[in-house]
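Here the numbering used here is used: the first residue of the sequence shown is 66, the next is one more, and so on. Input: a single structure, listed below in structure tokens.
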Amino acid sequence: MSYKISGWIANALLGYAARKPNPTFEKCVETQKELLLSLVGKASRTRFGVDHDFADIKDVTQFQALVPMRDYSEFWEKYWSKTFPILDDVTWPGRIPYFAKTSGTTTGKSKFLPCSLDRVSADNKAGLQVIIEHLRSRPKSKAMFGRYFMFAGSPNLENLGDGIYAGELSGISANERPFWAGSSRYYPPNALAQITDWNEKVRLLSKDCLDKNIRAISGLPSWLKLLLVRVFENAPERRQQLREFFPDLELIVHGGMSFDPYRNFFNQINEHEHVDFREIYAASEGFFGVSDQIPEEGMRLISDSGVFYEFVRLDEFYLPNPRRYWLQNIQNGVDYALIVSTCAGLWSYVVGDVIKFTNKDKLRFKFSGRLSQTLSTFGEKVLNEEIEQAVSTAASSLGYNIDDFCVYSAFVDDKKSIGRYQFFIETDTTDNQAIKLLAESIDDYLKKTNSGYDTRRKNNLGIVEPVVNLMRKGTFEFWMSSKGKAGGQHKVPRIINMQQSAELQSLAQTRQTSASGI
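This is the structure in structure tokens:
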């Protein structure tokens with residue numbers, strides 16, 4: 066697609082953004098209700114629809130009474146596994162052409178989530194909203210007049226037979242780009258995008274991406290930072306500023322993990338806020354949110370792109386029959402487990418994420434963490450969001466930049482039921498004094514923000530002060546690469562298990578000196 070046509074599209078989008086503000090809360094509630102009934106109607110003759118009397122459903126309450134919540138394993142065992150990869154009219158009408166292969170954790174098995182063409186279309190519509198929000202904020206932006214650098218995983222898709230393919234969501238998106246996106250606008254070219262050796266890929270991209278009229282970049286914050294550090298290293302004589310290397314860059318789209326630990330680094334290289342940063346919430350299950358204001362205010366839930374949302378209070382989630390909320394009755398400041406029904410055949414599906422609305426009237430929310438990544442070894446119930454904030458706040462207050470980190474919790478005295486947190490932190494300092502300072506600062510933050518942690522920390526009643534292990538630069542990249550989990554949508558798990566902790570302990574001993582905060 067020529068830049069002239071891209072410019073025409075940008076002007077059309079700008080006009081649309083100026084004329085049509087985001088819908089009101091009441092409108093979004095009505096949209097969600099209509100969307101659910103539309104999804105149910107389309108899937109009424111599928112196997113799942115027949116099993117759950119979709120033909121009789123007339124409202125949200127009836128849907129919730131007839132369709133129980135399920136996680137991936139339940140869908141896989143009852144509906145998907147027997148005929149996989151061929152799913153014809155099983156949970157969504159027609160044949161499923163794609164499966165989004167999840168990254169899992171560093172030890173977990175990948176999942177294969179159905180991805181219909183309706184889902185692809187809905188994602189494209191949601192993706193367009195990112196550009197619209199950018200243009201609302203910066204109406205003079207020329208982001209559409211150049212290339213979009215998608216720093217993602219491999220675009221290669223695995224042929225499962227019968228015209229069915231599986232791969233990372235970025236690969237599916239690349240294979241089904243909308244007409245307005247074109248192919249010439251995207252970077253990198255196939256020869257570079259298809260490189261499977263992550264270290265080699267980053268090395269080549271860091272040199273090749275310059276002078277390519279890059280106007281927008283997207284990716285995970287941790288990998289974007291790695292790429293930009295490599296770019297800066299290739300020209301040490303230049304100032305480490307985005308505008309020095311990408312003079313036409315106007316937009317960076319990030320998501321998939323908290324931006325907070327990396328905010329200080331990106332602020333430092335974004336002189337005069339030259340580049341607009343937009344967070345998105347795009348998961349293997351659907352495209353759920355986009356930031357429409359400053360980053361601290363979170364993202365806005367996308368209500369009209371093929372996803373019906375339900376919410377279960379985190380403090381009720383593990384009850385036998387927890388209440389299921391939807392947009393009509395959500396509240397601010399409550400941690401909710403996210404449940405979705407989609408145009409790819411997910412029905413009251415437990416995503417495994419936790420979110421919190423900060424302004425329900427504007428549908429603005431923040432990602433709080435994963436159900437599986439809540440620290441409660443000692444009954445304290447510390448969310449992933451609180452861990453992220455504790456580490457990023459501590460590092461920022463001390464003037465350090467975080468590359469990556471994770472935490473492991475375990476008992477140190479089983480008889481007395483006393484435990485501690487052990488942090489593995491890769492930062493830009495090797496000063497052993499930082500170990501003590503980081504441990505104290507993280508501890509102070511958690512005591513102030515989480516009453517469960519604070520109660521157990523008093524007089525070392527259940528938790529003693531944390532341990533910090535400083536990791537040499539590149540350790541996490543090395544660790545992830547050793548597991549075949551480097552790059553793309555793969556990310557360092559924030560909360561790790563005993564085996565992962567042992568692996569990192571070994572790396573800490575061989576690559577860097579470690580010490581405790583006590």
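For every residue, glycine included, the Cβ atom is placed at its ideal position computed from N, Cα and C.
**Message:** Can you confirm whether the stretch 516-531 touches the stretch 555-570 when touching is taken to mean that 3 or more C-beta pairs between the two stretches lie within less than 8 Å?
**Reply:** These segments do not touch.
**Item:** Proximity below 9 Å, CB of ALA108 to CB of PRO158
**Value:** The answer is yes: Cβ separation under 9 Å.
**Request:** Consult DSSP for MET322 and reduce its assignment to one of helix, strand or coil.
**Result:** If DSSP states are grouped into helix, strand and coil, MET322 belongs with coil.
**TYR213 - partner residues in DSSP beta bridges** = By DSSP's assignment, TYR213 forms a beta bridge with TYR251, ALA281.
**Asked** Considering only residues of the same chain and omitting the five flanking positions on each side of PHE128, which have a CB-CB separation below 7 Å?
**Response** Only residues of its own chain outside the window of five on either side were considered, and among them LEU101, VAL105, ILE122 have a CB closer than 7 Å to the CB of PHE128, listed in chain order.
**Asked** Quick one: Cα of MET563 to Cα of LEU503, how far?
**Response** Spanning the two alpha carbons is a distance of roughly 22 Å.
**Request:** Please list, in chain order, all residues of the same chain as TRP288 whose beta carbon is under 7 Å from its beta carbon, the five residues on each side excluded.
**Result:** Sequence-distant Cβ neighbours of TRP288 in its own chain, meaning closer than 7 Å and more than five residues away, are PHE216, GLY552.
**Asked** Among VAL405, GLY363, VAL415, LEU411, which residue has its Cα nearest to the Cα of PHE382?
**Response** In terms of CA proximity to PHE382, VAL415 leads the group VAL405, GLY363, VAL415, LEU411.
**Asked** Could you give the residue range of the beta strand (DSSP E) that holds LYS431?
**Response** It spans 429-435 - the beta strand (DSSP E) in which LYS431 sits, taken as one unbroken run.
**Message:** Could you tell me the alpha carbon to alpha carbon distance between GLN194 and SER356, rounded to whole angstroms?
**Reply:** Straight through space, the alpha carbons of SER356 and GLN194 are spaced by roughly 10 Å.
**Message:** Could you check whether the stretch 274-293 touches the stretch 303-322, counting it as contact only if at least three pairs of C-beta atoms, one from each stretch, sit closer than 8 Å?
**Reply:** Segments in contact, yes.
**Message:** I'd like the list of long-range same chain contacts for SER462, defined as Cβ closer than 8 Å, with 5 residues on each side in sequence excluded.
**Reply:** Counting only residues of its own chain and dropping the five nearest sequence neighbours on each side, SER462 has a CB closer than 8 Å to the CB of SER506.
**Enclosing alpha helix (DSSP H) for ASP509 [first to last residue]** = Secondary structure note for ASP509: its alpha helix (DSSP H) is the uninterrupted segment 498-514.
**Asked** Is it a yes or a no for the stretch 369-387 touching the stretch 325-334, going by three-plus beta-carbon pairs under 8 Å?
**Response** Cβ pair count under 8 Å is below three, so no.
**Message:** Ignoring anything shorter than 4 residues, give me the alpha helix (DSSP H) runs that lie fully in the stretch 402-480, in order along the chain.
**Reply:** Runs found: 449-463.
**Prompt:** So, using beta-carbon positions, are ARG429 and ARG365 closer together than 9 Å?
**Reply:** Yes, the Cβ-Cβ distance between ARG429 and ARG365 is below 9 Å.
**Prompt:** DSSP state of GLN487, grouped into three classes?
**Reply:** Assigned with DSSP and collapsed to three states, GLN487 falls in strand.
**Reference LEU182, options GLN554, GLY410, GLU445, closest by Cα** = For LEU182, the nearest C-alpha among the options comes from GLY410.
**Prompt:** Going straight from the alpha carbon of VAL399 to that of CYS408, what length do you get?
**Reply:** Each residue's Cα considered, the two are about 27 Å apart.
**Message:** Let me confirm a value: HIS117 is counted as buried when at least 16 other C-beta atoms fall within 10 Å, else exposed. Which label applies?
**Reply:** Buried.
**Message:** Can you list, in chain order, the residues of its chain with a C-beta nearer than 6 Å to that of THR172? Leave out the 5 residues immediately preceding and following it.
**Reply:** Note that THR172 scores 38 on pLDDT, short of 50, meaning its location in the model is unreliable and no value can be drawn from it.
**Message:** Taking the straight line between their C-alpha atoms, what separation do you get for GLY363 and ASN466?
**Reply:** Take the alpha-carbon of GLY363 and the one of ASN466: they are about 22 Å apart.
**Asked** For the alpha helix (DSSP H) that contains ASP227, what are its first and last residues?
**Response** Counting along the chain, ASP227 falls outside any alpha helix (DSSP H), and DSSP gives it neither H nor E.
**Message:** Counting C-beta neighbours from all protein chains within 10 Å, is the total for VAL115 16 or more, i.e. buried, or is it exposed?
**Reply:** Classification for VAL115: exposed.
**Message:** Please classify GLU585 as buried or exposed, where buried requires at least 16 neighbouring CB atoms within 10 angstroms.
**Reply:** Here the chain has residues from 66 to 583 only, and residue 585 is not among them.
**Asked** Who are THR492's beta bridge partners in DSSP?
**Response** Bridge pairing for THR492: ILE467 [DSSP].
**Request:** Give the straight-line distance between the Cα atoms of THR170 and ASP273, rounded to the nearest whole angstrom.
**Result:** Any reading at THR170 needs caution, since the residue's pLDDT is 44, under 50, leaving its predicted position unreliable; the model's value is listed next. Cα to Cα, THR170 sits roughly 31 Å from ASP273.
**Status (buried if at least 16 other CB within 10 Å, exposed otherwise) for ARG304** = That one is exposed.
**Item:** Classification of SER516 by the beta-carbon crowding that lies within 10 angstroms, buried from 16 upward
**Value:** SER516 is exposed by the Cβ-count criterion.
**Request:** Return helix, strand or coil for TYR383, following the three-state DSSP convention.
**Result:** Three-state DSSP puts TYR383 in coil, outside helix and strand.
**Asked** Are ILE490 and ASN534 close, meaning C-beta to C-beta below 9 Å?
**Response** Against a cut-off of 9 Å, the Cβ pair of ASN534 and ILE490 comes out as a contact.
**Item:** Distance CB(ARG280)-CB(ARG378) smaller than 9 Å
**Value:** It is not a contact, given that the beta carbons lie outside the stated cut-off.
**Message:** For a quick check, are the C-beta atoms of VAL419 and LEU436 less than 9 Å apart?
**Reply:** A Cβ-Cβ contact shorter than 9 Å links VAL419 with LEU436.
**Request:** Rounded to whole angstroms, what's the CA-CA distance from PHE324 to PHE432? Just pull it up for me.
**Result:** Their backbone Cα atoms lie some 11 Å apart in a straight line.
**Message:** Let's test the definition: count the other Cβ atoms within 10 Å of the Cβ of LYS61 and tell me whether it reaches 16, buried, or not, exposed.
**Reply:** This structure does not reach residue 61, given that the chain is present from 66 up to 583, and the question cannot be answered.
**Asked** Should GLY468 be labelled buried (16 or more other beta-carbon atoms within 10 Å of its own) or exposed?
**Response** In the sequence as presented, Gly is not what sits at residue 468; that position holds Asp. ASP468 is buried by the Cβ-count criterion.
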